[in-house]
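A.B. asks: In my numbering, the protein residues as written are 16 to 174.
Each residue gets a CB set at the ideal place from its N, CA and C atoms; glycine is no exception.
The following block contains the structure:
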């Protein structure tokens with residue numbers, strides 16, 4: 016009997032450890048996706064950026080919410096060494112690029128396998144990794160450009 020009791024306690028302890036590890040994983044920042052679209056309004060095309068995801072890093076206590084980071088403006092929250100991706104709705108029709116021309120420095124990796132060239136690929140996607148140490152926390156402002164359209168201004172928060 017003592018061995019069965021010991022086995023039950025061991026199983027309970029292992030289950031508790033797995034639950035705690037899983038809870039920590041949910042609190043960890045995940046890759047965020049900004050969805051892009053091009054709208055034609057009165058004969059003028061406009062780039063639109065929105066955050067629409069299953070896991071919102073801005074809900075993390077360290078990110079301090081969305082008061083300065085609006086979903087409908089494409090703002091996402093991320094941490095150092097995590098990724099942000101952009102995806103165009105109509106990938107074949109609208110190539111796009113990201114420009115840090117709103118007073119913010121470019122915080123993305125510039126070399127190696129994680130290099131970010133700030134332009135969408137042929138599938139209408141761009142995926143960039145935020146650098147590690149040396150990237151200050153705060154809001155990073157940028158613009159999204161599509162040839163022939165008015166650019167849109169967007170931002171993301173590094174916490």
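For residue 129, which three-state DSSP category applies?
C.D. replies: Walking along the chain shown from the start, residue 129 turns up at place 114. Note: residue 129 maps to helix in three-state DSSP.
A.B. asks: Just checking my contact of residue 127 with residue 106 at CB under 8 angstroms: how many whole Å lie between their CB atoms?
C.D. replies: Taking the chain shown and counting its residues from 1, the one referred to as residue 127 is at position 112. Taking the chain shown and counting its residues from 1, the one referred to as residue 106 is at position 91. Rounded, the Cβ-Cβ distance is 26 angstroms, inconsistent with contact.
A.B. asks: Residue 61: which of 91, 163 and 171 sits nearest, CA to CA?
C.D. replies: Taking the chain shown and counting its residues from 1, the one referred to as residue 61 is at position 46. Nearest C-alpha to residue 61: 163.
A.B. asks: Whether or not the segment 70-88 and the segment 108-128 are in contact is what I'm after, with contact meaning three or more pairs of Cβ atoms, one per stretch, closer than 8 angstroms; do they touch?
C.D. replies: As far as the Cβ criterion goes, the segment 108-128 does not touch the segment 70-88, which means the pair count is below three.
A.B. asks: Rounded to whole angstroms, what is the Cα-Cα separation between residue 123 and residue 110?
C.D. replies: For the purposes of this step, residue 123 is identified with residue 108 of the chain shown, where counting begins at 1. For the purposes of this step, residue 110 is identified with residue 95 of the chain shown, where counting begins at 1. For residue 123 and residue 110, the distance between alpha carbons rounds to 20 angstroms.
A.B. asks: Give me the residue from 63, 87, 81 and 90 with the minimum Cα distance to residue 103.
C.D. replies: Taking the chain shown and counting its residues from 1, the one referred to as residue 103 is at position 88. Minimum Cα distance to residue 103 is reached at 63.
A.B. asks: Check whether the Cβ atoms of residue 167 and residue 154 lie closer than 9 angstroms to each other.
C.D. replies: In the chain shown, counting from the first residue as 1, residue 167 sits at position 152. In the chain shown, counting from the first residue as 1, residue 154 sits at position 139. Not a contact, by the Cβ cut-off of 9 angstroms.
A.B. asks: Out of 99, 97, 93 and 67, state which residue places its alpha-carbon closest to the alpha-carbon of residue 86.
C.D. replies: Mapped onto the chain shown, residue 86 falls at position 71. For the residues 99, 97, 93 and 67, the minimum Cα distance to residue 86 belongs to 67.
A.B. asks: Run through DSSP, which three-state label would residue 38 get?
C.D. replies: One-based indexing of the chain shown puts residue 38 at position 23. Unreliable placement is indicated for residue 38, whose pLDDT of 42 sits below 50; no coordinate value is reported for it.
A.B. asks: Please determine, among 165, 100 and 59, the residue with the shortest C-alpha to C-alpha distance to residue 47.
C.D. replies: Mapped onto the chain shown, residue 47 falls at position 32. Closest option to residue 47, Cα to Cα, is 100.
A.B. asks: Grab the span of the beta strand (DSSP E) containing residue 46 for me, first residue to last.
C.D. replies: One-based indexing of the chain shown puts residue 46 at position 31. First-last for residue 46: undefined, no H or E at that position.
A.B. asks: DSSP three-state label for residue 57, please.
C.D. replies: Against the chain shown, residue 57 aligns to sequence position 42. Looking at residue 57 - three-state DSSP - the assignment turns out to be coil, as it is neither helix nor strand.
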